[in-house]
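Take a look at the structure below.
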Amino acid sequence: MTQSTSTPSLKKPRTIISKERIAIYLFLIICSLFFLLPLYIVLITSLKTMPEIRMGNIMSWPETWNTDAWVKAWSTACTGLQCEGVSVGFWNSIKILIPSLFVSILSGAICGYVLSYWRFKGAELFFGIILFGAFIPYQALIYPMIKIFATFGLYGTLPGIILVHTIFGLPIMTLIFRNYYSTLPSEIFKAARVDGAGFFGVFFHVLLPMSTPILIVAVILQVTGIWNDFLLGLIFGGRENMPMTVQLNNIVNTARGAKEYNVNMAATFLTAMVPLLVYFFSGRWFVRGIAAGAVKG
Numbered sequence: 216m217t218q219s220t221s222t223p224s225l226k227k228p229r230t231i232i233s234k235e236r237i238a239i240y241l242f243l244i245i246c247s248l249f250f251l252l253p254l255y256i257v258l259i260t261s262l263k264t265m266p267e268i269r270m271g272n273i274m275s276w277p278e279t280w281n282t283d284a285w286v287k288a289w290s291t292a293c294t295g296l297q298c299e300g301v302s303v304g305f306w307n308s309i310k311i312l313i314p315s316l317f318v319s320i321l322s323g324a325i326c327g328y329v330l331s332y333w334r335f336k337g338a339e340l341f342f343g344i345i346l347f348g349a350f351i352p353y354q355a356l357i358y359p360m361i362k363i364f365a366t367f368g369l370y371g372t373l374p375g376i377i378l379v380h381t382i383f384g385l386p387i388m389t390l391i392f393r394n395y396y397s398t399l400p401s402e403i404f405k406a407a408r409v410d411g412a413g414f415f416g417v418f419f420h421v422l423l424p425m426s427t428p429i430l431i432v433a434v435i436l437q438v439t440g441i442w443n444d445f446l447l448g449l450i451f452g453g454r455e456n457m458p459m460t461v462q463l464n465n466i467v468n469t470a471r472g473a474k475e476y477n478v479n480m481a482a483t484f485l486t487a488m489v490p491l492l493v494y495f496f497s498g499r500w501f502v503r504g505i506a507a508g509a510v511k512g
């Protein structure tokens, strides 16, 4: 006589959603809607025609999707006496951004490297002075910098605005790189020195390849700060180097003709596109870099 054995059924544990988790999700959804709502309005308004905008249905979807406002904002919208759109400002911003980004990040990385491993007498005081510069409102330094730059022939030039962004970006870049390198084992530096690596050998061949997370953090911070800057670009860029934000302001505040809100919204979205794309494609690295020591110290 055979005895049948029944295998007990394995039931999955019931997932209990607590009130605290529901409250957290609700809070995150509200915050997301709060930040995404302006972006939604800008986007759908840029795809409407002016007669549809005048109807006042600001939240409604476009009845007919129209991209003419984007074309005009890019190429023919008036920014004062010239009607060349924001495309001129876009390329000016690129010319300002790329060298400013490279020089400020490289300078901050080297300063952080020196303050972490090549300690010298007065290093902590020097770091405190650099860090102090991060908390000085740059509006208070604009007039003295105008006088200094004018003396050396840099005022209103492309090298001048690049130097301005490098100066104002150096304190925060030094801070995040110094804090990141302080979290790395000192044995790595010592082993490289034993193998005969010099100052730049250790930096470029050992530390820099390990700095991907913090480099992404630095790139996002600098791209956002430099690209979105208005005041410094307006004052130090000169007439020939006005960035995209200045051109956007000129389009929105132009007194020629009737207000074209769809063109203004399209120009706004085009101006914000670069920081949005940078953060969208590298956001996970930003979180990883922050967790790896960018704000520790």
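Per my numbering, residue 216 is the first one in the sequence shown, and the count goes up by one each step. Note that the Cβ used here is the ideal one computed from N, Cα and C, for glycine as well.
- Residue nearest to tyrosine 328 within the set Ser397, Val461, Met480 and Lys474 is Ser397 (criterion: CA-CA distance).
- The beta carbons of valine 467 and asparagine 479 sit closer together than 8 Å.
- It is roughly 17 Å from the alpha-carbon of proline 359 to the alpha-carbon of isoleucine 377.
- Isoleucine 441 is positioned such that its CB atom lies no closer than 8 Å to that of methionine 388.
- For the 8 Å CB-CB criterion, threonine 486 and leucine 463 form a contact.
- Across the set Phe414, Tyr494 and Pro386, the C-alpha of Phe414 shows the shortest separation from the C-alpha of arginine 334.
- Counting other Cβ atoms within 10 Å of its Cβ, asparagine 272 stays below 16 and is therefore classed as exposed.
- Secondary structure within the region 378-444: the alpha helix (DSSP H) runs of 4 or more consecutive residues, fully enclosed, are 401-409, 414-417 and 427-442 (chain order).
- Boundaries of the alpha helix (DSSP H) harbouring glycine 323: 302-332, taken from the DSSP string.
- Of the candidates Gln297, Glu299, Gly300 and Thr260, Thr260 places its Cα closest to the Cα of threonine 282.
- DSSP places serine 261 within a helical segment (H, G or I) once states are collapsed to three.
- Serine 308 is not a Cβ neighbour of proline 428, given a cutoff of 8 Å.
- Excluding residues up to 5 positions away in sequence, nothing lies with its Cβ nearer than 8 Å to the Cβ of phenylalanine 367 in the same chain.
- Here valine 489 is actually not in contact with valine 432; their C-beta atoms are around 17 Å apart, not less than 8 Å.
- Per DSSP, the continuous alpha helix (DSSP H) segment holding leucine 446 begins and ends at 446-451.
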